[in-house]
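Worksheet: one structure, shown below.
2 protein chains.
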Amino acid sequence: MTRWLDHDEQHAWRGYLRMHGKLSARLNRQLQADSGLSLADFDVLVHLTDAPEARVRVSELARSLQWEKSRLSHHVGRMEKRGLVAREECLDDGRGAFVALTTAGRAAIEGAAPPHVDTVRRLVFDTLTAEQVQVLAELSDRVLARLDAEE
Amino acid sequence: MTRWLDHDEQHAWRGYLRMHGKLSARLNRQLQADSGLSLADFDVLVHLTDAPEARVRVSELARSLQWEKSRLSHHVGRMEKRGLVAREECLDDGRGAFVALTTAGRAAIEGAAPPHVDTVRRLVFDTLTAEQVQVLAELSDRVLARLDAEE
DNA sequence: CCAACCTTGGTGATGTGTCAACTATTTCGG
DNA sequence: CCGAAATAGTTGACACATCACCAAGGTTGG
Numbered sequence: 001m002t003r004w005l006d007h008d009e010q011h012a013w014r015g016y017l018r019m020h021g022k023l024s025a026r027l028n029r030q031l032q033a034d035s036g037l038s039l040a041d042f043d044v045l046v047h048l049t050d051a052p053e054a055r056v057r058v059s060e061l062a063r064s065l066q067w068e069k070s071r072l073s074h075h076v077g078r079m080e081k082r083g084l085v086a087r088e089e090c091l092d093d094g095r096g097a098f099v100a101l102t103t104a105g106r107a108a109i110e111g112a113a114p115p116h117v118d119t120v121r122r123l124v125f126d127t128l129t130a131e132q133v134q135v136l137a138e139l140s141d142r143v144l145a146r147l148d149a150e151e
Numbered sequence: 152m153t154r155w156l157d158h159d160e161q162h163a164w165r166g167y168l169r170m171h172g173k174l175s176a177r178l179n180r181q182l183q184a185d186s187g188l189s190l191a192d193f194d195v196l197v198h199l200t201d202a203p204e205a206r207v208r209v210s211e212l213a214r215s216l217q218w219e220k221s222r223l224s225h226h227v228g229r230m231e232k233r234g235l236v237a238r239e240e241c242l243d244d245g246r247g248a249f250v251a252l253t254t255a256g257r258a259a260i261e262g263a264a265p266p267h268v269d270t271v272r273r274l275v276f277d278t279l280t281a282e283q284v285q286v287l288a289e290l291s292d293r294v295l296a297r298l299d300a301e302e
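Residue numbers (this note's numbering), protein chains in the order written: chain A, 1 to 151; chain B, 152 to 302.
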C-alpha cells in the first residue's frame, strides 16, 4: 500500500523542487549572460582545469561528471566547435581520446568563475545559516548513499 | 573581490548538485519505465487533476508550474499528440485556451502516482531524519525568498 | 593464434527547454 | 470610438539529453 506524503513532507518536497528549478534557471541565465557559458560547459571546464595537464580521458571525465558517455561526447563536440576544448588522440590506447583545455577555454573559465561564485554565495550561502549548510551537506550525502546502495 | 567557497561550503554545494543530478535522473527513469511518463508530464497531470473541472487556463498552468509559457505550449502540444490532454478554446477570452485532462490522462496519472511516491519515499523521506526534512523545507523557503526578492 | 567478448568512444533520431519573434485579441487613454 | 500598449498563446531555430546502435581497438580462453 502506498503511503502518501504527509503535510510536512509535501512542504519540504515541493519547496525543494521549486527551489532547485528557480535556482538553476537563475544560475544558468547569469552564467550565460556574463560569459556565454552554460552550467554544463562550466562543469566540464572546471574538471579540466583541475586535471594535471589540463586534459582528461573521455571516460574518466564522464565518470567524474557523472554524465553518460554519449552526452559528454555530444557536449564536447559542441564545445570543440566553439574552441573551448580540443580532442586529442591517445597513443597508449587506440580507442581512447583526451579532452584538452584550450587557451580560449582557460580564458573563458577564468572570466566566468568569479561572477558565478558571487551569485552562488549571494543566493545560497549568504542566505543560509551555517547550521543549515551543514544539514544540507549531511542530507545530500545520505540520499547519495541511498542512491548508490540501490544500484 | 570574490570570496571563494570554503571547504564546508564546497562540500555542501557539490553534494547538493550531485544529489539532485542523480536523484532526478533516477526518478525520471523510474517514472518513465513504470508508466511512460516523464517528470514534466507528471507535474502537468497533477496540476490538472487538482483543478476543479480538470482543466486550467494555459497561463495559470504556466504560473503554477513555474514554467515559461513557450515551454508549456510545446509540452502540451506533445502531450496532446499522445492523447494525455486536450486543448479547449476559451469562450470568455478569444485569445485564451484551456488545457484539459482526458480519460487517458487520468488513467496515466492514477497508474503513475503510487510507484512514484513509493520511490520518493524510499530514496528521500525514509532515508532522512525528521529534523533533516524540516531543515530542508526551511532552507528551500529561504533561498526561494531570496530569489524572489532579487527580481 | 584467433574467435568471442568487452571497452572506448561516436552517431542519428527523438524528445525537451529557451529565446526571440510573431499573431490575435483585449484593454485603455484620449 | 480609435489607435497604442498590454496580454494570451504559438511557432521556429537552436542548444541540450537520452536512447539505441555502431565501429574500432583491446583482452582473453582455448
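Each residue gets a CB set at the ideal place from its N, CA and C atoms; glycine is no exception.
Going by CA-CA distance only, name the one from 288/B, 177/B, 164/B that's closest to residue 24/A.
Among 288/B, 177/B, 164/B, the Cα nearest to that of residue 24/A belongs to 164/B.
If you measure beta-carbon to beta-carbon, which residues of the segment 28 to 59 of chain A are closer than 7 angstroms to chain B?
Cβ contacts with chain B: none found.
Could you check whether residue 209/B and residue 251/B sit closer than 8 angstroms to each other, using their CB atoms as the reference points?
Result no, Cβ atoms of residue 251/B and residue 209/B do not sit closer than 8 angstroms.
Going along chain A in order, which residues have a C-beta closer than 7 angstroms to the C-beta of residue 172/B?
Chain A residues near residue 172/B: 66.
Which residue's Cα is closest to the Cα of residue 5/A: 265/B, 172/B, 292/B, 287/B?
The shortest Cα separation from residue 5/A among 265/B, 172/B, 292/B, 287/B belongs to 265/B.
Hey, does residue 263/B have any beta-carbon neighbour from chain A nearer than 8 angstroms?
By this cut-off, residue 263/B is not an interface position.
Taking the CB atoms as reference points, tell me whether residue 44/A and residue 75/A lie closer together than 8 angstroms.
The answer is yes: Cβ separation under 8 angstroms.
Under three-state DSSP, which class holds residue 252/B?
Strand.
When the Cα of residue 207/B is compared with those of 237/B, 153/B, 262/B, 191/B, which residue comes out closest?
Minimum Cα distance to residue 207/B is reached at 237/B.
Suppose you measure from the CA of residue 234/B to the CA of residue 131/A; what does that come to, to the nearest Å?
Rounded to the nearest angstrom, the two C-alpha atoms are 48 angstroms apart.
Just reading off the alpha helix (DSSP H) that residue 25/A is part of, what are its end residues?
First-last of the alpha helix (DSSP H) with residue 25/A: 7 to 35.
Check residue 87/A in the structure and name its three-state DSSP category.
If DSSP states are grouped into helix, strand and coil, residue 87/A belongs with the strands.
Please give me, in chain order, every unbroken run of the alpha helix (DSSP H) with length at least 4 that falls completely inside the segment 32 to 64 of chain A.
Correct list: 39 to 50.
Along the chain, where does the alpha helix (DSSP H) that runs through residue 283/B open and close?
Its alpha helix (DSSP H) spans residues 281 to 300.
If you measure from the beta carbon of residue 77/A to each beta carbon in chain B, is any gap under 8 angstroms?
Output row for residue 77/A: interface = no.
Taking Cβ-Cβ distances shorter than 7 angstroms, what residues in chain A pair up with residue 278/B?
The contacting residues are 142, 143, 146.
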